[in-house]
Every structure is written in C-alpha cells, then in structure tokens.
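Trainee:
Residue numbers (our numbering): 254 to 405.
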C-alpha cells in the first residue's frame, strides 16, 4: 500500500511540476502567445493584463505576474523533493485556489480571451479554469496521499 501511495504521490507531483514549469518558463516549443509568465513582455500576458484592465489595478501586470511565477516555481521545487512535498502541495493549492477565485470574479471570468485585441471575441472555452480546478484537486490529493515518515 505504501508503494502505491508513493507512486500516486510522484505522478501527481510530476503533473503539477510540469504544469507550473510550462506556465512560467515554457520549455516546450511554440507556447501560445501571451501565456508565459516570466518571458512575456510587460503588458503582453493575456491573463494578467485582462485582470489589470478590468480591475483597474496596474500592479497585476507585470509585478503580480512575476510574483506568482516565482511562487509557482517554488511550489514546483518543493513538490520535487519528497521530504517537502506536502509543503509544495499546500503552496500549489494556495496558488490554484487563488486562480480559481480570480476565474470566478468579474475581473477575469471563467472564459479567458485568447488575444488582447479588443476586436477579438474568441475565448479559451474555460480550459484554463478547468486546468486550475484539476491542479487544485491534484494538489489536495498530494496532501492526502503522500506517505509520511515511517515511525517506530
């Protein structure tokens, strides 16, 4: 049973790590324009620019984007190490919970625009919102499934 818990813990942790790394530094080729937190030009990240425009708070783009990217990379690092995996999962759950809260707010909405062009009405169809929910569930599962130290 313990080995099964380790395998599930590793699988969920690797999924979360891959998602956080992809959204912050995008190691895979051809990431969608305006979706990489650390390497988008100021004002070009679709999610954070949309939040900044709709809320009227200019700190979301680019300062908020960089802070969130650093927290996501820290969560990925802590998830990678088995002895700190629960802390990483808690940090990941916090980030994903905040993302879901923004998706449910009028500042972002469940469907995110795919372009900053005001004439474009295309959205992602809620894919980013669903990914946030999936990552929150995976984070919470890591908190439950990851085996603790053997005592005694």
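Backbone N, C-alpha and C fix where the C-beta goes; we use that ideal spot for every residue, glycine too.
Can you give me the Cβ contacts of residue 285 inside the same chain, cut-off strictly under 8 Å, excluding the 5 residues immediately before and after it?
Mentor: Same-chain partners within the cutoff: 367.
Trainee: Which two residues bound the contiguous alpha helix (DSSP H) that contains residue 325?
Mentor: From DSSP, the alpha helix (DSSP H) with residue 325 extends over 316-333.
Trainee: From the DSSP output, in three-state form, read off residue 376 for me.
Mentor: Correct three-state label for residue 376: strand.
Trainee: Is the stretch 350-369 in contact with the stretch 300-320, if contact means three or more CB pairs nearer than 8 Å?
Mentor: Contact between the stretch 350-369 and the stretch 300-320 is present, because at least three Cβ pairs lie under 8 Å.
Trainee: Measuring only from the beta carbon, is residue 359 closer than 6 Å to any heavy atom that is part of the ligand SAM?
Mentor: Summarising the ligand content, the structure contains no ligands, and the ligand SAM is consequently not present.
Trainee: Would residue 278 and residue 260 qualify as a contact pair, given that the criterion is a beta-carbon distance under 7 Å?
Mentor: It is not a contact, given that the beta carbons lie outside the stated cut-off.
Trainee: Who pairs with residue 400 in a beta bridge, going by DSSP?
Mentor: Per DSSP, none; premise fails for residue 400.
Trainee: The alpha helix (DSSP H) spanning residue 272 covers which residue range?
Mentor: Looking at the DSSP string, the run of the alpha helix (DSSP H) that includes residue 272 is 255-277.
Trainee: Would you kindly work out how many angstroms separate the C-alpha atoms of residue 352 and residue 344, rounded to a whole number?
Mentor: C-alpha separation (whole angstroms): 12 Å.
Trainee: Buried or exposed: which applies to residue 338, given that a residue is buried once 16 or more other Cβ atoms fall within 10 Å of its Cβ?
Mentor: Counting Cβ neighbours within 10 Å, residue 338 comes out buried, since at least 16 surround it.
Trainee: Tell me residue 366's beta-bridge partners as DSSP assigns them.
Mentor: The partner list for residue 366 (beta bridge, DSSP) reads 376.
Trainee: Checking 7 Å against the spacing of the C-beta atoms, do residue 386 and residue 332 come in under that value?
Mentor: Going by C-beta atoms, residue 386 is not nearer than 7 Å to residue 332.
Trainee: Residue 369 to residue 325, Cα distance in whole Å?
Mentor: Straight-line Cα distance between these residues: approximately 24 Å.
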